[in-house]
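Numbering that gives the first Met the number 0 applies: residue 0 is where the sequence shown begins, and numbers increase by one.
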Amino acid sequence: MPKIELSRVHGDYGFEAYDENGHTVCMDTSPESGGDNFGVRPMQMLLMGIGGCSAIDVISILKKQRQDVKDYKMVINGNREAGKEPSLWQNVDIEFHLYGTIDADKAQRAADLSINKYCSVAATLEKAGAAITWQVFIHPAE
0 MPKIELSRVH GDYGFEAYDE NGHTVCMDTS PESGGDNFGV RPMQMLLMGI GGCSAIDVIS
60 ILKKQRQDVK DYKMVINGNR EAGKEPSLWQ NVDIEFHLYG TIDADKAQRA ADLSINKYCS
120 VAATLEKAGA AITWQVFIHP AE
């Protein structure tokens, strides 16, 4: 079972979380809530999590298909429920930007498999009620 430890290290709301391998993430709340931008907001980490999870899936699938992915970027936007506590992610929109000589159908299929089958973070967000939409953009190699 993965183990995470968290310690307050900066002001009132600046925390560092550590995993069992020594990787560290800094977290904080917004300045409006008393934080001072020491780290990422915990809810934004969920969006980062879906990005990392899905990126690993997509690259892995495309490598198996011998696609030449020179670079890879994602843009992830989300909207949270207004006026609710807790305020869950309501909509998550993902842009996959793939750079290289890549078959567009294979890239679309890789993204679809990631979001709808393999990505545990996407499944977690969907079970919490988030609608996830996505688009794939292929940028040819120069």
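Ideal placement from N, C-alpha and C gives every residue a C-beta, glycine not left out.
One or two residues paired with Leu-97 in a DSSP bridge
In the sequence shown, counting from the first residue as 1, residue 97 sits at position 98. Leu-97 pairs with Tyr-71, Ile-137.
Please classify Asp-67 as buried or exposed, where buried requires at least 16 neighbouring CB atoms within 10 angstroms.
Looking up residue 67 in the sequence shown gives position 68. Under this definition Asp-67 is an exposed residue.
Are Thr-28 and Gly-21 touching if we call contact CB-CB under 7 Å?
As a position in the sequence shown, residue 28 is number 29, starting the count at 1. As a position in the sequence shown, residue 21 is number 22, starting the count at 1. Not in contact: Thr-28 and Gly-21 (Cβ atoms no closer than 7 Å).
Run through the segment 0-48 for me and flag every whole beta strand (DSSP E) of 3 or more residues, listed as ranges in chain order.
3-9, 13-18, 23-26
Would you call the segment 99-113 and the segment 35-48 touching, i.e. three or more CB-CB distances under 8 Å?
no
Same chain only: Cβ atoms within 6 Å of Val-74, ignoring 5 sequence neighbours per side:
On the sequence shown, position 75 is the one that residue 74 refers to. Result list for Val-74: Glu-94, in chain order.
How many angstroms separate the CA atom of Gly-77 from the CA atom of Ile-60?
In the sequence shown, residue 77 corresponds to position 78, counting from 1. In the sequence shown, residue 60 corresponds to position 61, counting from 1. Across the structure, Gly-77 and Ile-60 are spaced so that their CA atoms are roughly 25 Å apart.
Spatial neighbours of Ser-32 in its chain, beta-carbon cut-off 8 Å, leaving aside the 5 residues before and after:
Translated into positions along the sequence shown, residue 32 becomes position 33. Cβ neighbours of Ser-32 beyond the five flanking positions: Tyr-12.
Helix, strand or coil for Arg-65 per DSSP?
Position 66 of the sequence shown, counted from the start, is the residue given in the question as residue 65. Residue state, collapsed to three classes: coil.
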